[in-house]
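In the working numbering, the protein residues as written are 276 to 500.
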């Protein structure tokens, strides 16, 4: 049973989230403010955090940074803030996903399942994937190249991780979009082009002739060691 910490100061929403999570066999607890959220995250060790940005005592981005100081637990942000700049700032602070209010419960739970799944090593997975150019630590969520760690954004990491967990298999564009960005996404193939180009620049020895992050034109992408 996975543990989910809900951080929100709206009692009706918290009640609805707890009911839905517990009905699906999650162990769920709630925190009404940032201070109690940080305390519970440290003491209770949740497997995922659902976090509202508008808390009474501090901004949600501060909570994200506080959690990230000690944990890589998946963080799903709930917010009524719609601008791209605000979303980018929260994702760069360490959030794994961003859900805009109002939202559908089914979509939120699907994103939660995806986040928890990504955070767990696959069965029999030792946690390290090595190539001739870089090494991926699936447990620590880190990539090392030559003599340095490579900094990836949360979205870049999610995209890379989906491919790495399916070595040698063609992962379709729609599958990648829905896995990384959520069920509502399936046609925004420009997202994939942009983020794959960023990953290649950071990881491939020759980004214009990639050896590990392969494009199958018109179909999807493949990871090769």
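Even glycine gets a Cβ: it sits at the ideal position worked out from N, Cα and C.
Cut-off 6 Å between Cβ atoms - residues of its own chain near residue 425, not counting five sequence neighbours on either side: Sequence index remark: in the chain shown, residue 425 carries index 150 (1-based). Listed in chain order, the non-local C-beta contacts of residue 425 below 6 Å within the same chain comprise 418 and 477, local neighbours out to five positions each way being set aside.
Reduced DSSP category for residue 301 - H, G, I as helix; E, B as strand; rest coil: Position 26 of the chain shown holds residue 301. Collapsing the DSSP output to three states places residue 301 in coil.
Residue 419, enclosing alpha helix (DSSP H) - first and last residue: Counting from one through the chain shown, the residue named residue 419 turns up at place 144. Element bounds for residue 419: not the alpha helix (DSSP H) but the beta strand (DSSP E), 417-420.
Buried versus exposed, by CB contacts within 10 Å (16 or more), residue 402: As a working note, residue 402 is residue 127 in the chain shown. Exposed.
Reduced DSSP category for residue 278 - H, G, I as helix; E, B as strand; rest coil: Within the chain shown, residue 278 is the residue found at index 3, counting from 1. Reduced to three states, the DSSP call for residue 278 is strand.
Where residue 499 falls: helix, strand or coil (DSSP): Locating residue 499 in the chain shown gives position 224, counting from the first residue. Residue 499: coil per DSSP, three-state reduction.
CA-to-CA distance, residue 461 to residue 286, given in whole angstroms: Residue mapping note: residue 286 aligns to position 11 of the chain shown, counting from 1. Residue mapping note: residue 461 aligns to position 186 of the chain shown, counting from 1. Their Cα atoms are separated by approximately 33 Å.
Collapsed DSSP secondary structure at residue 423 in the structure displayed: Along the chain shown, read from residue 1 onward, the residue named residue 423 stands at position 148. It is a strand residue.
Limits of the unbroken beta strand (DSSP E) element including residue 334: Numbered from its first residue, the chain shown carries residue 334 at position 59. No beta strand (DSSP E) holds residue 334; DSSP gives it neither H nor E.
Residues of its chain near residue 485, where Cβ-Cβ distance is below 6 Å and the 5 sequence neighbours each way are ignored: For this step, residue 485 is matched to residue 210 along the chain shown. Excluding sequence neighbours, residue 485 sits near 475 and 479.
Burial state of residue 427, where buried means 16 or more other Cβ atoms lie within 10 Å: Here residue 427 refers to the residue found at position 152 when the chain shown is read from its first residue. Buried is the call here.
Integer Cβ distance of residue 292 from residue 282, believed to fall under 8 Å: Taking the first residue of the chain shown as 1, we reach residue 292 at position 17. Taking the first residue of the chain shown as 1, we reach residue 282 at position 7. Contact flag wrong, Cβ pair sits at about 10 Å.
For residue 435, the nearest candidate out of 332, 499, 385 and 376 (CA to CA): Counting from 1 along the chain shown, the entry for residue 435 is found at position 160. Checked all of 332, 499, 385 and 376; the closest Cα to residue 435 is 499.
Cβ-based neighbour list, residue 442, same chain, cut-off 6 Å, excluding 5 preceding and 5 following: By one-based count along the chain shown, residue 442 stands at place 167. 498.
Opposing strand residues paired with residue 329 [DSSP bridges]: Taking the first residue of the chain shown as 1, we reach residue 329 at position 54. Bridge partners of residue 329 according to DSSP: 334.
Under 8 Å between C-beta atoms of residue 408 and residue 420: Taking the chain shown and counting its residues from 1, one reaches residue 408 at position 133. Taking the chain shown and counting its residues from 1, one reaches residue 420 at position 145. In contact: residue 408 and residue 420 (Cβ atoms closer than 8 Å).
With 16 other Cβ atoms within 10 Å as the buried cut-off, status of residue 355: Your numbering for residue 355 matches position 80 in the chain shown. Exposed.
Coarse secondary structure for residue 348, derived from DSSP in three states: The count along the chain shown starts at 1 and reaches residue 348 at position 73. Coil at residue 348, not helix or strand.
Span of the alpha helix (DSSP H), counted from its first residue to its last, around residue 466: As a first step, residue 466 must be located in the chain shown, where it is residue number 191. Start and end: 464-478.
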